[in-house]
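Numbering (UniProt numbering), first residue to last: 1 to 268.
As structure tokens, the structure follows; a few thoughts come after it.
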Amino acid sequence: MTRAAPANAAPERRLRLLSCNILAGASVQRYHEYVTRSINAVLPGRSKLENLDRLAEVLPQFDVIGLQEADAGSLRSGFLNQTRYLAEASGLPFWSHQPNRPMARLAHSANGLISRIAPHSVLDYPLPSRIPGRGALLVRYGAEPEALTVMIAHLSLSAQARARQLAFIAEVLHDYPNAVLMGDLNTEAHSAEMRHLFARCSLQPPTQSTPTFPSWKPRRALDHILLSESLRLERVWTLPQAFSDHLPLAAEIRLPTHLAPRAQRLRR
């Protein structure tokens, strides 16, 4: 875990979470731009940095941010670690990343964590997949089993692969009663693989569908912030800004009383 710069503490007992697939900084506003702007997938550009700067402006509203498809430092980002850049540009003090899928030196996707709260530990888990390259970050905000636990993940496009990945995630989270799973899960909450997840661990189905994809006309709820029954969801919403082909998904949660003091002590 790397420390960046100091930032102000968030309100006690509430946490604001954000999950954001940033597409390595690229901005896609129509389906045809996947083709017409495909050169941006492998080459750096000023527009990517400007897009990251716009995202950094909104991050201080949040306490824990999970990134997917952040570039870990390859040609397409100008060899910039985008998670670190966003943490430092937003003034949030802690960051970590999990590089997953290197493609020579052209592209290197990663999951990322940016946090106002000092984690006790951050663990990397490779997720089962026929083609390696999917992973999950497990963030613990305390050493005891009941401590707040946040997992950040980006799942496969294949339903079969997602089913294996969600089964693995359910096994990992089974022993943590105060858990959050956030990320681009590439499926909606009513899918068979998601129903199996809810049956195998303490995570609860969302109370509402919040479409995030595509960002220019959201129809599908592919991004999720899922909570254990012990954690109370105050509200969930999408940010209006389209920083990639997914809208960022935000949530405000209330911690159980016995967890709140621990989170408060860890804030910087």
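Here a beta-carbon is modelled for each residue, glycine too, at the ideal position from N, C-alpha and C.
Assign residue i to buried or exposed, taking buried as 16 or more other Cβ atoms, counted over all protein chains shown, within 10 Å of its Cβ.
i	result
residue 131	exposed
residue 94	buried
residue 157	exposed
residue 69	buried
residue 154	buried
residue 121	exposed
residue 76	buried
residue 205	exposed
residue 61	exposed
residue 193	buried
residue 174	exposed
residue 145	exposed
residue 67	buried
So if DSSP puts residue i in a beta bridge, which residue, or which two residues, is it bridged to?
i	result
residue 252	16 and 235
residue 183	153 and 224
residue 119	Bridge partners of residue 119: none, in fact.
residue 96	113
residue 162	Residue 162 pairs with nothing; no bridge assigned.
residue 136	125 and 153
residue 21	68
residue 198	BP columns for residue 198 are empty, so no partner.
residue 213	220
According to DSSP, simplified to helix, strand and coil, what is residue i?
i	result
residue 257	coil
residue 53	helix
residue 68	strand
residue 126	strand
residue 243	coil
residue 79	coil
residue 148	coil
residue 37	Because the pLDDT at residue 37 is just 49, under 50, the model does not fix this residue reliably, and the point stays unresolved.
residue 62	coil
In whole angstroms, what is the alpha-carbon distance linking residue i and residue j?
i	j	result
residue 249	residue 215	11 Å
residue 212	residue 161	22 Å
residue 56	residue 243	11 Å
residue 65	residue 115	6 Å
residue 117	residue 134	26 Å
residue 33	residue 24	Because the pLDDT at residue 33 is just 48, under 50, the model does not fix this residue reliably, and the value given afterwards should be weighed accordingly. Whole-angstrom Cα-Cα distance: 15 Å.
residue 26	residue 112	16 Å
residue 138	residue 163	19 Å
residue 208	residue 218	15 Å
residue 258	residue 237	27 Å
residue 299	residue 136	Summary: the structure shown does not reach residue 299, with the chain confined to residues 1 through 268, and so no result is reported for it.
residue 246	residue 21	6 Å
residue 88	residue 241	20 Å
Does residue i have its Cβ less than 8 Å from a Cβ in chain C?
i	result
residue 16	The displayed structure is made up of one protein chain only, and chain C is not part of it.
Hey, would you say residue i sits closer than 8 Å to residue j, going by beta carbons?
i	j	result
residue 222	residue 188	yes
residue 165	residue 129	yes
residue 125	residue 149	no
residue 231	residue 172	no
residue 183	residue 47	no
residue 63	residue 127	no
residue 255	residue 15	yes
residue 159	residue 200	no
residue 141	residue 119	yes
Please indicate yes or no: does the CB of residue i lie closer than 7 Å to some heavy atom of the ligand NAP?
i	result
residue 129	In terms of ligand content, the structure shown is empty, and the ligand NAP therefore cannot be addressed.
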